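**Student:** Per UniProt numbering, the very first residue in the sequence shown carries number 1; after that it's consecutive. Idealized CB from N, CA, C, for every residue including glycine. Computed from a predicted model, the values in this text were never measured in an experiment. Pasting a structure below so you can have a look.
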Amino acid sequence: MGFQLYTELPGHLFTLNSCFDSVKPESYDALIIPGGQFVELLSVDDKVIITKFAEAGKPIATSCHSQLLVAAAGLLKGKKCTAFPSLKPIIELAGGVWWEQPGIQLVFDIIACLKDGNILSSIGWPAHGEYLNVLLHSMGAKILKTREISMLFLCGDYVEDYEMNVPFRALQVPGGRSPELLVMDENVVGLVKKFIDNDFTKSLLQLDKENGF
1 MGFQLYTELP GHLFTLNSCF DSVKPESYDA LIIPGGQFVE LLSVDDKVII TKFAEAGKPI
61 ATSCHSQLLV AAAGLLKGKK CTAFPSLKPI IELAGGVWWE QPGIQLVFDI IACLKDGNIL
121 SSIGWPAHGE YLNVLLHSMG AKILKTREIS MLFLCGDYVE DYEMNVPFRA LQVPGGRSPE
181 LLVMDENVVG LVKKFIDNDF TKSLLQLDKE NGF
């Protein structure tokens with residue numbers, strides 16, 4: 001039908017080592033609430049400790065759908081917030097001020113993390129770089145040096161569009177039989193040759209040396 005649908009599947013299985021009753025917010029410096037729809041269940045649980053972090057003025061970082069939990073806790077009144085687009089009515093009904101990063105046409109363009117007081121919000125995982133940057137600064141961290149490195153994967157079959165959304169500084173050709181087909185494509189061969197001729201590895205090592213890595 002031309003639509004891309006989302007299907008919830010089991011993810012990583014983690015052993016829980018705590019519960020809401022035993023968690024002591026004073027033992028933590030920040031609260032990170034991952035994205036996803038699990039917050040629909042937690043938003044009606046009065047044992048969720050988000051309000052205690054808010055009262056202590058500690059950073060509360062949200063992404064995707066997890067702003068719903070902040071809204072349910074009554075913490076968005078008068079605060080600017082961004083989120084997955086479908087949450088706009090909820091943000092506004094909770095008294096928040098909806099903010100949307102301008103110029104978004106593709107998932108590649110999602111790069112912003114908004115901070116208003118101790119509430120951090122982003123639309124989704126493509127903004128995780130800025131999300132972590134804002135969170136670390138909110139916790140008093142100082143990032144001394146940084147550089148951007150990204151990798152181009154040559155794949156012989158369909159690749160989910162979310163997985164391939166960066167400018168490229170390195171090249172990776174996965175194993176399997178797809179290279180047998182790719183080698184017959186002049187564009188692919190030319191791309192590999194360009195990486196070799198430009199000697200990206202040497203330039204990255206030089207960049208590391210200049211920046212003290």
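What residue does the alpha helix (DSSP H) around Ser138 start on, and which one ends it?
**Tutor:** In the sequence shown, the residue the question calls residue 138 occupies position 138. Unbroken alpha helix (DSSP H) run through Ser138: 128-138.
**Student:** Which residues in the same chain as Lys115 place their Cβ atom closer than 6 Å to its Cβ, once the five residues preceding and following it in sequence are excluded?
**Tutor:** Taking the sequence shown and counting its residues from 1, the one referred to as residue 115 is at position 115. Only Val134 meet the Cβ criterion.
**Student:** Return the chain-ordered list of same chain residues with a C-beta closer than 7 Å to the C-beta of Gly103, the five sequence neighbours on each side being excluded.
**Tutor:** Numbered from its first residue, the sequence shown carries residue 103 at position 103. Cβ neighbours of Gly103 beyond the five flanking positions: Asp109.
**Student:** What are the complete beta strand (DSSP E) segments, minimum 3 residues, inside the region 42-121?
**Tutor:** Complete beta strand (DSSP E) runs here, min 3: 60-63, 113-116.
**Student:** Grouping DSSP H, G and I as helix and E and B as strand, with all else coil, what is Ile143?
**Tutor:** Residue numbering aside, residue 143 sits at position 143 when the sequence shown is read from its first letter. It is coil, neither helix nor strand.
**Student:** Which residues does DSSP pair with Leu31 in a beta bridge?
**Tutor:** Working through the sequence shown from its first residue, we reach residue 31 at position 31. Bridge partners of Leu31: Ile60.
**Student:** Return helix, strand or coil for Gly124, following the three-state DSSP convention.
**Tutor:** Residue 124 sits at position 124 when you count from the first residue of the sequence shown. Coil, per DSSP.
**Student:** State buried or exposed for Gly57, treating a residue as buried only when at least 16 other CB atoms are found within 10 Å of its CB.
**Tutor:** For the purposes of this step, residue 57 is identified with residue 57 of the sequence shown, where counting begins at 1. Flag for Gly57 reads exposed.
**Student:** For Asp21, which of helix, strand or coil comes out of DSSP?
**Tutor:** Here residue 21 refers to the residue found at position 21 of the sequence shown. Looking at Asp21 - three-state DSSP - the assignment turns out to be coil, as it is neither helix nor strand.
**Student:** If you measure between the beta carbons of Ile50 and Leu120, is that distance less than 8 Å?
**Tutor:** Position 50 of the sequence shown, counting from 1, holds the residue named residue 50. Position 120 of the sequence shown, counting from 1, holds the residue named residue 120. Result no, Cβ atoms of Ile50 and Leu120 do not sit closer than 8 Å.
**Student:** Considering only C-alpha positions, which residue in the set Ala30, Ala72, Ile111, Lys52 is nearest to Glu130?
**Tutor:** Here the question's residue 130 lines up with position 130 in the sequence shown. Answer by Cα proximity: Ile111.
**Student:** What three-state label does DSSP hand Val39 in the structure shown?
**Tutor:** Here residue 39 corresponds to residue number 39 of the sequence shown, with the count starting at 1. Of the three classes helix, strand and coil, the one that applies to Val39 here is helix, per DSSP.
**Student:** Report, in whole angstroms, the separation of the C-beta atoms of Thr62 and Ile33, which I expect to be a contact under 8 Å.
**Tutor:** In the sequence shown, residue 62 corresponds to position 62, counting from 1. In the sequence shown, residue 33 corresponds to position 33, counting from 1. Their Cβ separation, rounded to whole angstroms, is 5 Å, which keeps Thr62 and Ile33 in contact under 8 Å.
**Student:** Just mark Ile196 as buried or exposed, buried being the case when its beta carbon has 16 or more other beta carbons within 10 Å.
**Tutor:** In the sequence shown, counting from the first residue as 1, residue 196 sits at position 196. So Ile196 counts as exposed.
**Student:** Please list, in chain order, all residues of the same chain as Pro126 whose beta carbon is under 6 Å from its beta carbon, the five residues on each side excluded.
**Tutor:** As a working mapping, residue 126 is identified with position 126 in the sequence shown. Taken in chain order, the residues that qualify are Val107, Ile110.
**Student:** Could you tell me the alpha carbon to alpha carbon distance between His65 and Val192, rounded to whole angstroms?
**Tutor:** Looking up residue 65 in the sequence shown gives position 65. Looking up residue 192 in the sequence shown gives position 192. So the two alpha carbons sit approximately 39 Å from each other.
**Student:** Alpha carbons only, please: which of Asn17, Leu13, Phe14, Ala30 is nearest the one belonging to Ala141?
**Tutor:** In the sequence shown, counting from the first residue as 1, residue 141 sits at position 141. It is Ala30.
**Student:** To the nearest angstrom, report how far apart Val70 and Leu144 are at their CA atoms.
**Tutor:** Translated into positions along the sequence shown, residue 70 becomes position 70. Translated into positions along the sequence shown, residue 144 becomes position 144. Computed Cα separation, rounded: 32 Å.
**Student:** Within the same chain, show all residues whose beta-carbon is closer than 6 Å to that of residue 215, passing over the 5 residues directly before and after it, in chain order.
**Tutor:** With the chain covering 1 to 213 only, the question about residue 215 has no answer from this structure.
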